[in-house]
Amino acid sequence: MRGLALILVAAAGVLAFQKPFRQYPGVEYDDFPLPPDWNEKTEFAFARLMYPQVRGRFRGYGSYGNGDWTRGFSMWTQDYPRADRHFAQAIRRLTRIQVRSVEQPVNLDDGDDVYNWPWLYAVQTGRWSLTDAQAAKLRDYLLRGGFFMCDDFWGEQDWATFMQSMSRVFPDREVVDIDDRDPIFHAVFDLNDRYQVPGARYLSTGVTWKCDGCPAAWKGIYDDKGRLMVAMTPNSDIGDSWEWADDPRYLEKFSALGIRIGINYIVYAMTH
Numbered sequence: 001m002r003g004l005a006l007i008l009v010a011a012a013g014v015l016a017f018q019k020p021f022r023q024y025p026g027v028e029y030d031d032f033p034l035p036p037d038w039n040e041k042t043e044f045a046f047a048r049l050m051y052p053q054v055r056g057r058f059r060g061y062g063s064y065g066n067g068d069w070t071r072g073f074s075m076w077t078q079d080y081p082r083a084d085r086h087f088a089q090a091i092r093r094l095t096r097i098q099v100r101s102v103e104q105p106v107n108l109d110d111g112d113d114v115y116n117w118p119w120l121y122a123v124q125t126g127r128w129s130l131t132d133a134q135a136a137k138l139r140d141y142l143l144r145g146g147f148f149m150c151d152d153f154w155g156e157q158d159w160a161t162f163m164q165s166m167s168r169v170f171p172d173r174e175v176v177d178i179d180d181r182d183p184i185f186h187a188v189f190d191l192n193d194r195y196q197v198p199g200a201r202y203l204s205t206g207v208t209w210k211c212d213g214c215p216a217a218w219k220g221i222y223d224d225k226g227r228l229m230v231a232m233t234p235n236s237d238i239g240d241s242w243e244w245a246d247d248p249r250y251l252e253k254f255s256a257l258g259i260r261i262g263i264n265y266i267v268y269a270m271t272h
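First residue of the sequence shown: 1, per my numbering; consecutive thereafter.
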């Protein structure tokens with residue numbers, strides 16, 4: 001009983017220091033309606049990384065990010081919050097994880113808040129530009145047991161921009177292809193048969209890629225004990241597979257794979 005009491009006290013302490021839920025305007029959605037149970041206390045929340053981005057214009061995205069990224073309407077809000085909330089519904093249906101119905105935006109500059117969220121997701125990381133302090137905080141978070149999934153960055157230019165920050169997070173660790181036998185592909189679903197997951201442009205073009213010669217890849221960074229800390233999905237758009245899962249024009253096979261990948265990554269992160 002004493003042990004249980006200590007656990008409850010520790011959990012209460014963690015909750016006391018978590019940043020409260022907040023919602024920001026996104027590049028696609030603003031004033032998105034809150035689900036009725038948004039403030040329910042749960043055991044897990046989908047945490048989305050907020051980040052500063054490279055300035056300038058990018059392939060039709062206009063000048064997103066030339067303002068204050070801490071207030072939203074920046075590339076970290078791509079697909080947000082619709083993708084996050086659709087995915088939370090899928091987690092509820094397909095697992096026993098008690099997940100919150102709304103996401104948690106996480107800013108690495110908010111003191112120690114990131115350590116309250118064991119699983120962290122970022123989109124459009126071919127646009128991010130972490131500061132040295134943010135890179136150091138992310139490295140410490142991951143080495144302490146955190147897990148980071150980054151998604152929806154395409155081609156050589158995006159990869160180069162992504163690595164400018166990631167190489168400062170882990171200057172001494174190699175990015176490698178994740179082997180099909182890795183436990184992350186078998187945590188819940190067996191995912192040996194993976195394929196490119198397209199973004200929303202597929203709805204109008206019917207093509208799955210954003211650039212020529214950009215095959216889907218599944219890459220990662222491991223710690224010294226062989227635990228996967230960073231899982232990358234370059235040349236796929238897993239977030240859009242969550243965002244558009246309820247649209248009949250978006251093929252079920254893409255949303256099904258994207259949801260299964262996300263669930264496997266979460267369960268792996270919670271058990272490794």
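Quick reminder that beta carbons are idealized off the backbone N, C-alpha and C, glycines included.
Cβ atoms of Asp84 and Phe46 come within 8 Å of each other, at about 5 Å. Rounded to whole angstroms, the separation of the alpha carbons of Gln134 and Asp237 is 24 Å.
As summarised for the region 192-259, the continuous alpha helix (DSSP H) elements at least 4 residues long and confined to that stretch are 202-205, 238-243, given in chain order. As the crow flies, the alpha-carbon of Trp119 is around 12 Å from that of Asn264. Relative to Leu228, the option among Gln124, Pro171, Leu143, Trp159 whose CA is nearest is Leu143. With a threshold of 16 other beta carbon atoms within 10 Å, Asn235 meets it and is buried. For Tyr121, the three-state secondary structure derived from DSSP is strand. Sequence-distant Cβ neighbours of Phe147 in its own chain, meaning closer than 6 Å and more than five residues away, are Trp119, Ala269. In the three-state reduction of the DSSP assignment, Leu108 falls in the coil class, being assigned neither a helical nor a strand state. Phe21 is positioned such that its CB atom lies no closer than 8 Å to that of Gln89. Pairing Tyr121 with Met149 gives a Cβ-Cβ distance under 8 Å.
Looking at the DSSP output, Leu49 sits in a beta bridge with Val106. Secondary-structure assignment with DSSP links Val176 through a beta bridge to Gly220. Put simply, of Gln53, Pro81, Glu40 the residue whose alpha carbon is nearest the alpha carbon of Thr161 is Gln53. Beta-bridge annotation (DSSP): Met270 is not paired with any residue.
Of all alpha-carbon atoms in Asn39, Met50, Arg55, Tyr80, the one lying nearest the alpha-carbon of Phe32 is that of Tyr80. In the DSSP assignment, Met166 falls within the unbroken alpha helix (DSSP H) covering 155-169.
Between Ala216 and Arg201, the gap from beta carbon to beta carbon reaches 8 Å or more. For the pair Asp246 and Gly226, the Cα-to-Cα distance works out to about 37 Å. Judged by beta-carbon spacing, Tyr250 lies within the 8 Å limit of Leu203, meaning their Cβ atoms are closer than that value. For Phe148, the enclosing beta strand (DSSP E) starts and ends at 147-151.
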